[in-house]
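Residue numbers (the numbering used here): 28 to 202.
From the three backbone atoms N, C-alpha and C, an ideal C-beta is built for every residue, glycine too.
Comments concern the structure below.
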Ligand SMILES: [Zn+2]
Ligand SMILES: [Zn+2]
């Protein structure tokens with residue numbers, strides 16, 4: 028699935044593309060047309076792509092690109108802290124965060140929908156969790172909250188049989 032940002036984002040996206048490429052170069056990865064395309068796809072992606080999303084997208088321009096080139100580039104960017112892993116329960120593939128500021132990921136249980144919510148309270152939450160547990164908190168990917176997205180709420184409410192409706196909707200329906 029490819030999600031594009033609105034056109035006003037173009038400048039921000041190309042700045043980010045440049046930043047990713049320069050960081051790769053400093054890490055010893057030569058700037059190639061393929062790596063530029065990978066960085067461009069990541070920078071302009073408004074969602075949480077998987078490595079195979081990026082691979083499928085870059086193949087439209089570079090049909091011969093190897094999967095290893097895409098996966099290695101993504102790995103290096105992650106090691107450099109420029110993108111973050113987002114592992115979601117029941118999703119087969121790891122998603123990647125392009126926006127590494129701590130935020131809440133609201134994940135739909137019924138579809139692939141993941142919404143980002145920016146809030147300062149994530150910092151507070153991480154601090155409390157660290158202080159009260161003594162753990163070194165892994166900030167990668169921020170906070171993950173599960174629920175049912177508005178589209179699925181609608182779709183499931185329209186479902187003909189009760190069995191297709193999630194338990195969580197039954198309460199809302201009664202009111
Ligand atoms: Zn959904
Ligand atoms: Zn996110």
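Can the beta-carbon of residue 98 be found less than 8 Å from the beta-carbon of residue 110?
-> No Cβ-Cβ contact shorter than 8 Å links residue 98 with residue 110.
With DSSP run on the structure shown, which of helix, strand or coil describes residue 106?
-> Helix at residue 106.
According to the Cβ coordinates, are residue 78 and residue 101 closer than 8 Å?
-> Between residue 78 and residue 101, the gap from beta carbon to beta carbon is short of 8 Å.
Is there at least one non-hydrogen atom of ligand 2 closer than 7 Å to the beta-carbon of residue 169?
-> Yes.
Taking the C-alpha atoms as reference points, what is the distance between residue 46 and residue 117?
-> Cα to Cα, residue 46 sits roughly 33 Å from residue 117.
Length at least 4, wholly inside the stretch 121 to 183: the alpha helix (DSSP H) runs in chain order = Uninterrupted alpha helix (DSSP H) stretches at least 4 residues long and entirely within the stretch 121 to 183 occur at 148 to 160, given in chain order.
Going by alpha carbons, who is nearest to residue 132 out of 175, 108 and 48?
-> Put simply, of 175, 108 and 48 the residue whose alpha carbon is nearest the alpha carbon of residue 132 is 175.
What are the partner residues of residue 112, as DSSP defines its beta bridges?
-> Bridge partners of residue 112: 123.
Return helix, strand or coil for residue 186, following the three-state DSSP convention.
-> DSSP places residue 186 in coil when its eight states are reduced to three.
Going by CA-CA distance only, name the one from 159, 154 and 90 that's closest to residue 166.
-> Check the Cα spacing between residue 166 and each of 159, 154 and 90: the tightest is with 154.
Rounded separation between residue 125 and residue 69 - CA only = Cα to Cα, the separation comes out at about 7 Å.
Have a look at residue 182 and residue 146 and give me their C-alpha separation to the nearest angstrom.
-> Cα-Cα distance, rounded: 29 Å.
Proximity test, residue 173 beta-carbon vs ligand 1 heavy atom, cut-off 7 Å = No; taking the cut-off as 7 Å, the Cβ of residue 173 has no heavy atom of ligand 1 nearer than that.
What are the start and end residues of the alpha helix (DSSP H) that includes residue 42?
-> For residue 42, the enclosing alpha helix (DSSP H) stretches over residues 37 to 53.
On the three-state DSSP scale, how would you describe residue 29?
-> For residue 29, the pLDDT reaches just 48, beneath the cut-off of 50, and the residue's location in the model is therefore unreliable, although a value from the coordinates is still provided. Of the three classes helix, strand and coil, the one that applies to residue 29 here is coil, per DSSP.
Neighbourhood of residue 164 by C-beta distance below 8 Å, restricted to the same chain and skipping five residues each side | Correct list, in chain order: 153, 156 and 157.
With distances taken from CA atoms, which of 71, 55, 54 and 113 is nearest residue 38?
-> Residue 71 is the option with its Cα nearest to residue 38.
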